[in-house]
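According to our numbering, the stretch in the sequence shown is residues 1 to 146, in order.
Where a beta carbon is used, it is the ideal one built from N, C-alpha and C, also for glycine.
Below: one structure, written as structure tokens.
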Amino acid sequence: MTTAGAAHWEHFEHGADIGVRGVGTTAAQAFEQAALALTAVITDPARVASRDAVDVACEAADLELLLAQWLNALVYEMAVRRMLFARFDVVIDDGPPLRLRARAFGEPVDVARHRPAVEVKGATYTALRVARTADGGWLAQTVVDV
1 MTTAGAAHWE HFEHGADIGV RGVGTTAAQA FEQAALALTA VITDPARVAS RDAVDVACEA
61 ADLELLLAQW LNALVYEMAV RRMLFARFDV VIDDGPPLRL RARAFGEPVD VARHRPAVEV
121 KGATYTALRV ARTADGGWLA QTVVDV
């Protein structure tokens, strides 16, 4: 159970795919939590050491498209580097276009320790939403294709 306004991530039901949702006090923190939810689709983030850093940058016309770009950039980095990430530092610069600069911290996949459940193919535009919450925080969500 979390308290109102506390940053967190969660999954939500969506047919054969999986919804990822991040909640934070800022849009950047909600993006960080959505990225953590992405990792949690694959493995328990607590099993992933934050020892190697990877810089990620992307841009888009609005926050919803920026979230999809961000998550797809992480899917790409995980695939080409064969890594998992467990911590994220995100900065979102005003635009237009909006620019996201981030550092993702993780380690190479260790199948025996990480026990990956599925491979995420990418973020979709299904249920894509970035918005203020009733308590003044931020929500960032979408469905990922697995």
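Beta strand (DSSP E) containing residue i: first to last residue?
i	result
Thr39	Where Thr39 is concerned, there is no enclosing beta strand (DSSP E), although the alpha helix (DSSP H) it sits in stretches over Ala27 to Ile42.
Val20	Asp17 to Gly24
Ala131	Arg129 to Arg132
Just the Cα atoms here: how many angstroms apart are residue i and residue j?
i	j	result
Arg82	Thr133	35 Å
Ala123	Thr25	23 Å
Val146	Asp17	6 Å
Gly19	Pro96	28 Å
Phe88	Asp135	23 Å
Cys58	Glu32	14 Å
In this structure, does DSSP put residue i in helix, strand or coil?
i	result
Val143	strand
Pro108	strand
Ala86	strand
Ala73	helix
Going by the CB atoms, is the gap between residue j and residue i shorter than 8 Å?
i	j	result
Ala6	Val48	no
Quick one: residues in its chain with C-beta nearer than 6 Å to the C-beta of residue i, no 5 flanking neighbours on either side, listed in chain order?
i	result
Leu36	Trp9 and Pro45
Apart from the five residues on each side of it in sequence, which residues of its chain come closer than 8 Å, Cβ to Cβ, to residue i?
i	result
His11	Ile18, Gly19, Val20, Arg21, Ala37, Ala40 and Val41
Under 7 Å Cβ to Cβ from residue i, same chain only, skipping five residues before and after it: list those, please.
i	result
Ala60	Leu66, Gln69, Pro97 and Leu98
Gly106	Val48, Ser50, Asp52, Met83, Leu84, Phe85 and Ala86
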